[in-house]
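Protein chains: 2
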Amino acid sequence: MSNKRSRTLAERIRENFDELTRAEHQLADIILENYPVSAMGSITTLANASRVSTPTVARMARKLGFSGFPAMQIALREELEATISNPIAKHERFAESAPDTHILNRFAEAALENMRQSLKRIDPKTFDSVAALLSNSENDVYVAGGRITHTIAQYFFTHMQVIRKGMNLIDSGSSTWPHFVLNMNEGDVLVAFDIRRYERDLLRLAEMATARGVTLVLFTDQWGSPAARHARHVFNLRIEVPSAWDSSVVTLFLVEALLAAVQTNTWGETRDRVKSLEELFDKTKLFRKFS
Amino acid sequence: MSNKRSRTLAERIRENFDELTRAEHQLADIILENYPVSAMGSITTLANASRVSTPTVARMARKLGFSGFPAMQIALREELEATISNPIAKHERFAESAPDTHILNRFAEAALENMRQSLKRIDPKTFDSVAALLSNSENDVYVAGGRITHTIAQYFFTHMQVIRKGMNLIDSGSSTWPHFVLNMNEGDVLVAFDIRRYERDLLRLAEMATARGVTLVLFTDQWGSPAARHARHVFNLRIEVPSAWDSSVVTLFLVEALLAAVQTNTWGETRDRVKSLEELFDKTKLFRKFS
DNA sequence: AGTATATTGAAAAATATTATACACAGTTTA
DNA sequence: TAAACTGTGTATAATATTTTTCAATATACT
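If you read the sequences in order, they're chains F and L. Be aware that the first sequence starts at 1, since it is given in our numbering, and climbs by one per residue. Be aware that the second sequence starts at 1001, since it is given in our numbering, and climbs by one per residue.
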């Protein structure tokens, strides 16, 4: 009897089916036939589809325990939301022993939500185009970041350098970037990271580079850096976390995914380069042997 | 080119995202955030949820190619109908239009799994202890990373430098690290990142530092760096992804969570530092004004 | 069969929703 | 620096939706 979760509309209809009249049966059938979409439009649409009058629909909503047709619709939407909301982890408790309010869990929730939202906004076509662009070693690639994102840019650069030749990391904050622009040729690629607060220098760099025929790939946040207007491809990422700063986790994630894609595209070439690199490391004995 | 099936609302939003204005971005975010339910109510509900005016919603509907808001809603319902009646589509909720085998989705799955597994292994008590350790500005903090993790170390360092004084970043790869050890005092903290393949230098640094009474906090992978035997606190993180390299996403996540915790602990002090920093930036006009 | 009761839908009233007009603020351009 | 433009929200008009009223019709019961 005392069901915590409120019953669904479908359940209510089935429970009360016997109490329903002829016209209401007709209506109920239509609702269940294409549930829940058929009941998501206007009362008139539903009435017409069921070949009953609008008052019949309103009356049935009441009969099923709602205050009126709109209330029924709201309940239906909530139902739908519960059904299709992304199942991933929403109800999983991660660091189980930590209370929900612990910063670790709050941060984890936020990070996962950022990930989910960002993925929704990434167009796989864009992703593939960018991967292809970066896989073409005919053209040079320049990488630039801002104050905070510089480390992400560096991370990207470090890995890309293993994958292919023609990689350039533009120093952050320094005034040397115009020198880099001098070397850029039409068809080259500039990968820029610009998260709020957006930096003037980066906007100028983007302007000057694109003016020279360089293709700009931009990693930015959900609000969009002003450099986006110059960009061929833009990734809008979600970066909000319970902290005074923005999160770079999703940015790093996308960078890694791109690296994986490029690496796959260029495997023949990359393989040799990785091998040579390993040999170099062996010679310098930088690493410990790993069993 | 000529797509038989008409584009979904989500696709339209992504395609035209660049053409959208500030308020429209806000709106688009809300629509995508809880897609498609958030847009199934009245225009007013949606406007309020997005904190924009109703005309903005109506205008965007037009901009996206619908005759008005109701038309958009009808399209959305049809979309929903198609989705619900087609169970295969249900699994594509993630990066909707990307098939499950797309690298983006495979990578996302892996990253989320890494996150989940890592969080299970993190002891909140350890986390809190480390946060407390780093919040005590009496003692200096040294940060060191390896070839790949250096960028993460740098990220951590950059933010910590804003939060507190006494931060030191040990150059990676260089042979200067013994100089840093000279300055270390008992009670100081060394935060080290050592992911496979573990680096000899880092092990030696850990040995020498702990010998001087320094507390070692180690970020490593699930197998555990050899430096772990010297560490007071160890974070074992899951780092495997479908790629030739390991993922640093979870490492970065934990670093950010720690930053948030430390920042909360030291807010009184941090606040002033952040303020001063903002003023410095204002003077240098490095950033664009952000409204 | 005749009366009472329940069901139903047309029409109108009440209410909610959506679109439009317009003014203001911020930004860009000349 | 002013003028033109763009984007945005408030107020309001236009439109659609929902509810109510009420008469017509069907059904049940004596």
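From the three backbone atoms N, C-alpha and C, an ideal C-beta is built for every residue, glycine too.
### Task
From the DSSP output, read off the bridge partner residues of L:Val1250.
Stepping through the second sequence from its first residue, residue 1250 of chain L is reached at position 250. Answer by DSSP bridge pairing: none, since L:Val1250 is not bridged.
### Message
With the cut-off set at 8 Å, would you say F:Leu218 and F:Ala227 are in Cβ contact?
### Response
Position 218 of the first sequence, counted from the first residue, corresponds to residue 218 of chain F. Position 227 of the first sequence, counted from the first residue, corresponds to residue 227 of chain F. With contacts defined by Cβ atoms closer than 8 Å, F:Leu218 and F:Ala227 form a contacting pair.
### Message
I need the straight-line Cα distance from F:Arg106 to F:Lys165, nearest angstrom please.
### Response
Taking the first sequence and counting its residues from 1, one reaches residue 106 of chain F at position 106. Taking the first sequence and counting its residues from 1, one reaches residue 165 of chain F at position 165. Their Cα atoms are separated by approximately 41 Å.
### Query
What residues are listed by DSSP as bridge partners for F:Ala144?
Numbered from its first residue, the first sequence carries residue 144 of chain F at position 144. Under DSSP, F:Ala144 shares a beta bridge with F:Ala192.
### Query
At a CB-CB cut-off below 8 Å, which residues of chain L make contact with F:Pro242?
Along the first sequence, one-based indexing puts residue 242 of chain F at 242. Per Cβ cutoff of 8 Å: Ala1260.
### Task
Have a look at the DSSP bridge pairing and note the partners of L:Met1167.
If you number the second sequence from 1, residue 1167 of chain L lands on position 167. DSSP lists L:Val1141 as partners of L:Met1167.
### Message
Under 8 Å, Cβ to Cβ, is there at least one residue of chain L near F:Ser135?
### Response
Counting from 1 along the first sequence, the entry for residue 135 of chain F is found at position 135. Residue-level contact by beta carbon fails for F:Ser135 and chain L, as no gap is shorter than 8 Å.
### Query
Are L:Val1162 and F:Ala260 closer than 8 Å when you measure CB to CB?
Sequence index remark: in the second sequence, residue 1162 of chain L carries index 162 (1-based). Sequence index remark: in the first sequence, residue 260 of chain F carries index 260 (1-based). Result no, Cβ atoms of L:Val1162 and F:Ala260 do not sit closer than 8 Å.
### Query
Would the region 1038-1051 of chain L and the region 109-128 of chain F be scored as touching if the rule is three or more Cβ pairs under 8 Å?
Cβ pair count under 8 Å is below three, so no.
#### Entry: Minimum C-alpha distance to L:Ala1211 - residue among L:Glu1024, L:Arg1232, L:Arg1197
Numbered from its first residue, the second sequence carries residue 1211 of chain L at position 211. The alpha carbon of L:Ala1211 has as its nearest neighbour, out of L:Glu1024, L:Arg1232, L:Arg1197, the alpha carbon of L:Arg1232.
### Task
Please confirm whether L:Ala1075 and L:Leu1009 have their CB atoms less than 8 Å apart.
Here residue 1075 of chain L refers to the residue found at position 75 when the second sequence is read from its first residue. Here residue 1009 of chain L refers to the residue found at position 9 when the second sequence is read from its first residue. The answer is yes: Cβ separation under 8 Å.
### alpha helix (DSSP H) segment containing L:Leu1134, residue limits
As a first step, residue 1134 of chain L must be located in the second sequence, where it is residue number 134. Run containing L:Leu1134: 1124-1135, per the alpha helix (DSSP H) assignment.
### Query
Whose Cβ in chain F lies nearer than 9 Å to the Cβ of L:Val1274?
One-based indexing of the second sequence puts residue 1274 of chain L at position 274. Contact note: L:Val1274 reaches chain F through Ala244, using a C-beta cutoff of 9 Å and chain order.
### Query
Within the 8 Å Cβ cut-off, does L:Val1037 reach chain F?
Within the second sequence, the letter at position 37 stands for residue 1037 of chain L. So, interface residue.
### Query
Between the Cα of L:Met1160 and the Cα atoms of L:Arg1007, L:Glu1269, L:Ile1030, which residue gives the shortest distance?
In the second sequence, the residue the question calls residue 1160 of chain L occupies position 160. Per the Cα distances, L:Glu1269.
### Task
Classify L:Leu1216 as helix, strand or coil using the three-state DSSP reduction.
In the second sequence, residue 1216 of chain L corresponds to position 216, counting from 1. Residue state, collapsed to three classes: strand.
### Task
Measure the beta-carbon distance from L:Glu1256 to F:Ser135 and round it to whole angstroms, keeping in mind my assumption that it falls under 8 Å.
Mapped onto the second sequence, residue 1256 of chain L falls at position 256. Mapped onto the first sequence, residue 135 of chain F falls at position 135. Going by Cβ atoms, the distance from L:Glu1256 to F:Ser135 rounds to 30 Å, so no, they are not a contact pair.
### Task
Pull up the distance between the alpha-carbon of F:Asn139 and that of L:Gln1263, whole angstroms please.
On the first sequence, residue 139 of chain F is found 139 positions in, with the first residue counted as 1. On the second sequence, residue 1263 of chain L is found 263 positions in, with the first residue counted as 1. Taken atom to atom, the span from the alpha-carbon of F:Asn139 to that of L:Gln1263 is near 43 Å.
### Query
If you measure from the beta carbon of L:Pro1124 to each beta carbon in chain F, is any gap under 8 Å?
Position 124 of the second sequence, counted from the first residue, corresponds to residue 1124 of chain L. Against chain F, the CB of L:Pro1124 has a partner CB under 8 Å away; the residue lies at that interface.
### Task
State buried or exposed for L:Asn1114, treating a residue as buried only when at least 16 other CB atoms are found within 10 Å of its CB.
What you label residue 1114 of chain L is simply residue 114 of the second sequence in a count that begins at 1. L:Asn1114 comes out buried.
### Message
Let me check understanding here. Comparing Cα to Cα, which of L:Arg1273, L:Ala1153, L:Thr1149, L:Pro1070 lies closest to L:Val1141?
### Response
Within the second sequence, residue 1141 of chain L is the residue found at index 141, counting from 1. The residue with the shortest Cα to Cα distance from L:Val1141 is L:Ala1153.
### Task
Measure the alpha-carbon distance for L:Tyr1155 versus F:Val250 and round it to whole angstroms.
Your numbering for residue 1155 of chain L matches position 155 in the second sequence. Your numbering for residue 250 of chain F matches position 250 in the first sequence. It is roughly 14 Å from the alpha-carbon of L:Tyr1155 to the alpha-carbon of F:Val250.
### Message
Any contact between the region 1008-1024 of chain L and the region 58-68 of chain F? By contact I mean 3 or more CB pairs, one from each, below 8 Å.
### Response
They do not touch, by the three-pair rule.
### Query
Name the chain L residues that come within less than 9 Å of F:Glu207, Cβ to Cβ?
If you number the first sequence from 1, residue 207 of chain F lands on position 207. Residues of chain L passing the Cβ test: none, with the nearest at roughly 13 Å.
### Message
My output table needs one value for F:His159: the three-state DSSP class, helix, strand or coil.
### Response
Working through the first sequence from its first residue, we reach residue 159 of chain F at position 159. Three-state result, F:His159: helix.
### Message
So with CB distances below 7 Å, who are the chain F contacts of L:Ser1247?
### Response
On the second sequence, position 247 is the one that residue 1247 of chain L refers to. What L:Ser1247 touches in chain F, judged by beta-carbon distance under 7 Å, is Glu256, going in chain order.
### Task
Give the interface partners of F:Leu252 over in chain L, defined as CB-CB distance under 7 Å, in chain order.
Looking up residue 252 of chain F in the first sequence gives position 252. Identification of chain L residues near F:Leu252 by a Cβ-Cβ cut-off of 7 Å yields Ser1248, Val1249, Leu1252, ordered along the chain.
### Query
Looking only at C-alpha atoms, which of F:Leu133, F:Ile239, F:Gly224 sits nearest to F:Ser118?
Reading the first sequence from its first residue, position 118 is the one you call residue 118 of chain F. The alpha carbon of F:Ser118 has as its nearest neighbour, out of F:Leu133, F:Ile239, F:Gly224, the alpha carbon of F:Ile239.
### Query
Ends of the beta strand (DSSP E) at L:His1233?
In the second sequence, residue 1233 of chain L corresponds to position 233, counting from 1. Going by DSSP, L:His1233 is part of the beta strand (DSSP E) stretching over 1233-1237.
### Query
Which whole runs of the alpha helix (DSSP H) in the region 1039-1091 of chain L are 4 residues long or more, in chain order?
Along the length of the region 1039-1091 of chain L, whole alpha helix (DSSP H) runs at least 4 residues long occupy 1043-1050, 1054-1063, 1069-1084, 1087-1090, reported in chain order.
### Query
Straight-line CA distance for L:Arg1197 to L:Val1191?
Taking the second sequence and counting its residues from 1, one reaches residue 1197 of chain L at position 197. Taking the second sequence and counting its residues from 1, one reaches residue 1191 of chain L at position 191. Spanning the two alpha carbons is a distance of roughly 18 Å.
### Message
So, for L:Glu1292: in the same chain, excluding its five sequence neighbours on each side, which residues have a beta-carbon less than 6 Å away from its beta-carbon?
### Response
Any property of residue 1292 of chain L remains undetermined from this structure, which presents chain L solely from 1001 to 1291.
### Sequence-distant residues of the same chain with beta carbon closer than 6 Å to L:Leu1169, five excluded per side
If you number the second sequence from 1, residue 1169 of chain L lands on position 169. Non-local C-beta neighbours of L:Leu1169 in its own chain, meaning closer than 6 Å and more than five positions away in sequence, comprise Val1143, Phe1157, ordered along the chain.
### Query
Which residues, in order along the region 56-80 of chain F, keep a beta-carbon less than 7 Å from a beta-carbon of chain L?
Cβ contacts with chain L: Arg77, Leu80.
### Query
How many angstroms separate the CA atom of L:Arg1229 from the CA atom of L:Trp1177?
The sequence position of residue 1229 of chain L within the second sequence is 229, counting from 1. The sequence position of residue 1177 of chain L within the second sequence is 177, counting from 1. Roughly 20 Å separates the two Cα atoms.
### Query
Would you say F:Leu254 and F:Phe235 are within 8 Å of each other, going by their C-beta atoms?
Within the first sequence, residue 254 of chain F is the residue found at index 254, counting from 1. Within the first sequence, residue 235 of chain F is the residue found at index 235, counting from 1. Their beta carbons are under 8 Å apart, which means F:Leu254 touches F:Phe235 by this criterion.
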